[in-house]
Each structure stands twice: as C-alpha cells, then as structure tokens.
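Here's the structure we're looking at; comments come further down.
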Amino acid sequence: MNEDPFRIFALPHARALGDFIIQNIVAASLKSNFENSRLFVYYRDDRDYKNLIIESNIYIDYKINTKGTKGSFPIDLFDQNSGRPIHSPDREFYEKMVHRPDLIISPATMNAAVLNTLPNTPRFAFPERHVSVLTERLREHGVSPDRWFCIMHCRDESYPYRPGNDFRDMPHADFIAVARLIVDELGGQVVRVGHPGMRQFPKMSGLLDLSRVPDSFALQ
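Numbering-wise (my numbering), the sequence shown opens with residue 207 and increments by one.
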C-alpha cells in the first residue's frame with residue numbers, strides 16, 4: 207500500500223544571502239531525513255539572488271513566491287473550511303496537497319544550529335542551463351582554463367552593512383599577501399568573490415575581482 211508522503215512546508219524569509227542559503231539547507235535537510243516526503247516553500251522574491259538559490263535547491267517539490275516586501279502569508283490557505291474567500295496560487299497547490307502539510311517550518315526555526323541535529327546534509331545543484339554561458343563569461347573576464355585558480359572570499363572591517371567582528375574579519379593585507387603568493391609563487395589565479403562594499407584589491411596579473419563586476423551573483 208502506498209503511503210502518503212510526509213509534507214513539509216517551509217518559509218525561508220531571510221534577506222541576507224548567507225541566512226537565506228542556510229534556511230534552504232535546513233529545509234532540504236529535513237526533507238532528506240524522510241524516505242517519502244515532499245518539500246514546499248513560500249518565499250519573497252525581494253533579492254536578486256533568491257530565485258537562483260531556490261532553483262539550485264533540487265529538494266523543492268513546489269514553490270510559491272511573491273514579489274515585493276509587503277504583505278503576509280495567507281495562513282487561510284491551510285484552512286479550507288474557514289468560510290473565507292480563498293485564492294490558491296494554482297491548481298497544483300491542491301493536487302500536491304500543499305494545503306495539508308504535516309510540518310510547517312518557520313524562518314526562526316531554520317538556523318545553522320538545527321543542522322547539528324540532522325544526520326543528512328544535502329547538496330544543492332547549480333542549474334545546468336547556466337553553466338556554458340557563465341563559463342564563457344569567466345573566460346571573457348580573464349580566467350584562463352589552462353591554469354588552476356583559487357576562489358577567495360574576503361570579509362574585512364570595511365564592510366558597511368555589519369559591525370566589525372573579530373571572528374569573521376581579517377586584515378585586508380593578509381588577503382593581498384595570500385593572493386600574491388598564489389599568483390607569483392604557485393602559478394595559480396585568484397578569483398575574488400563577495401560584496402562590492404569590501405575594500406578593493408590592487409590590480410595584479412592573475413587576479414579577477416568579481417565583486418566589482420555588476421550583476422555577477424550567478425557568475426560568483
């Protein structure tokens with residue numbers, strides 16, 4: 207006899223990139239701990255990077271997104287007998303029984319501490335349809351396919367959107383020293399990723415600073 211799948215409804219609503227990724231990892235991890243389960247998500251399309259992360263989360267079976275930052279989740283979607291006018295997103299919402307979840311995960315629940323309690327941590331899959339185009343863009347920006355390269359993310363005290371943090375921030379000079387070591391002594395290349403608000407690197411051969419390339423989230 208076929209059992210109904212265990213249905214999980216998650217609301218990843220974080221705005222910060224890292225927090226939104228963690229929320230998706232937690233939701234996917236919970237799903238992967240059930241042999242027969244479905245993952246449904248409701249998120250706000252209010253940041254440029256969110257759709258790509260959602261697409262990379264291959265554990266999602268159904269998604270609802272809403273534009274903008276205003277409004278609230280219509281909780282009455284879960285209460286079909288409320289007597290109120292209810293407008294579901296589409297027919298698939300009912301066909302997949304999204305309105306009858308077994309578990310609802312709030313944004314506050316989906317944090318990094320939860321991952322320590324879960325035996326399975328999933329891997330996301332970058333959408334294949336982007337790979338060839340982005341590979342060509344990397345070449346156009348100067349990355350040589352004939353040399354190895356190192357990805358470097360730099361968090362220093364110049365970041366304008368968070369207070370200084372001795373645990374996360376490193377001296378800017380240390381990043382530059384590592385980049386020069388890779389390029390000058392080890393024969394590699396350095397591809398810098400991160401937020402454009404970080405302090406700029408000096409120009410050097412073998413360094414590509416994607417943090418200064420507009421609309422480069424997918425490329426990074």
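Even glycine gets a Cβ: it sits at the ideal position worked out from N, Cα and C.
Quick check on the DSSP output: the alpha helix (DSSP H) that includes His336 runs from which residue to which?
On the sequence shown, position 130 is the one that residue 336 refers to. Where His336 is concerned, the enclosing alpha helix (DSSP H) stretches over Glu334 to Glu346.
Nearest residue (CA-CA) to Lys419, options Arg343, Ser338, Pro377 and Trp354
One-based indexing of the sequence shown puts residue 419 at position 213. Reading off the sequence shown, one finds Val at residue 419, where the question assumed Lys. For the residues Arg343, Ser338, Pro377 and Trp354, the minimum Cα distance to Val419 belongs to Arg343.
If contacts are defined as beta-carbon pairs under 8 angstroms, then Ile382 and Phe355 qualify, I think. What distance do you get, rounded to the angstrom?
Stepping through the sequence shown from its first residue, residue 382 is reached at position 176. Stepping through the sequence shown from its first residue, residue 355 is reached at position 149. Under the criterion of beta carbons closer than 8 angstroms, Ile382 and Phe355 do not qualify as touching, at roughly 17 angstroms.
Neighbour-count burial assignment, Asp210, 16 or more Cβ in a 10 Å radius:
Taking the first residue of the sequence shown as position 1, residue 210 is located at position 4. The residue is exposed, with fewer than 16 neighbouring Cβ atoms inside 10 Å.
Taking 8 angstroms as the threshold, find out whether the stretch 394-401 comes into contact with the stretch 228-235 through three or more Cβ pairs.
Result no; under three Cβ-Cβ pairs closer than 8 angstroms.
Which residue marks the beginning of the alpha helix (DSSP H) containing Ile266, and which one marks its end?
As a working mapping, residue 266 is identified with position 60 in the sequence shown. Premise fails: Ile266 is in no alpha helix (DSSP H) and is neither H nor E.
Specify whether the stretch 238-253 and the stretch 329-337 touch according to this definition: at least 3 beta carbon pairs, one from each stretch, less than 8 angstroms apart.
In short, these stretches do not touch, since the Cβ pair count stays below three.
Between the Cα of Leu321 and those of His219, Ser235, Phe423 and Ala216, spot the shortest distance and give me the residue it belongs to.
Along the sequence shown, one-based indexing puts residue 321 at 115. Residue Ser235 is the option with its Cα nearest to Leu321.
Given this structure, state the Cα-to-Cα distance separating Leu324 from Pro313, to the nearest angstrom.
Numbered from its first residue, the sequence shown carries residue 324 at position 118. Numbered from its first residue, the sequence shown carries residue 313 at position 107. Approximately 17 angstroms, taken between the alpha carbons.
Give me, in chain order, the residues of the same chain whose beta-carbon lies closer than 7 angstroms to that of Ile259; leave out the 5 immediate sequence neighbours on both sides.
Counting from 1 along the sequence shown, the entry for residue 259 is found at position 53. The answer, listed in chain order, is Phe226, Ile227 and Asn230.
Pick out the complete alpha helix (DSSP H) segments inside the stretch 291-325, 4 residues or longer, and give them in chain order.
For the stretch 291-325, whole alpha helix (DSSP H) runs of length 4 or above, ordered along the chain, are 298-301 and 318-321.
Please report how far the alpha carbon of Pro333 lies from the alpha carbon of Glu298, in whole angstroms.
For the purposes of this step, residue 333 is identified with residue 127 of the sequence shown, where counting begins at 1. For the purposes of this step, residue 298 is identified with residue 92 of the sequence shown, where counting begins at 1. Near 23 angstroms, if we compare the C-alpha coordinates of Glu298 and Pro333.
Going by DSSP, which residues form a beta bridge with Ala216?
As a position in the sequence shown, residue 216 is number 10, starting the count at 1. Looking at the DSSP assignment, Ala216 forms a beta bridge with Val247 and Ile311.
In three-state DSSP terms, what is Leu414?
Looking up residue 414 in the sequence shown gives position 208. Leu414 carries a strand assignment under DSSP once its states are collapsed to helix, strand and coil.
Which residues bound the beta strand (DSSP E) around Ile357?
Here residue 357 refers to the residue found at position 151 when the sequence shown is read from its first residue. Looking at the DSSP string, the run of the beta strand (DSSP E) that includes Ile357 is Phe355 to His359.
Closer than 7 angstroms by C-beta to Asn257: which residues in its own chain qualify, once you throw out the five before and the five after it? Chain order, please.
On the sequence shown, residue 257 is found 51 positions in, with the first residue counted as 1. Around Asn257: Asp251.
Compute the distance between the beta-carbons of His347 and Leu414, then report whether it is under 7 angstroms.
In the sequence shown, counting from the first residue as 1, residue 347 sits at position 141. In the sequence shown, counting from the first residue as 1, residue 414 sits at position 208. For His347 and Leu414, yes; Cβs fall inside 7 angstroms.
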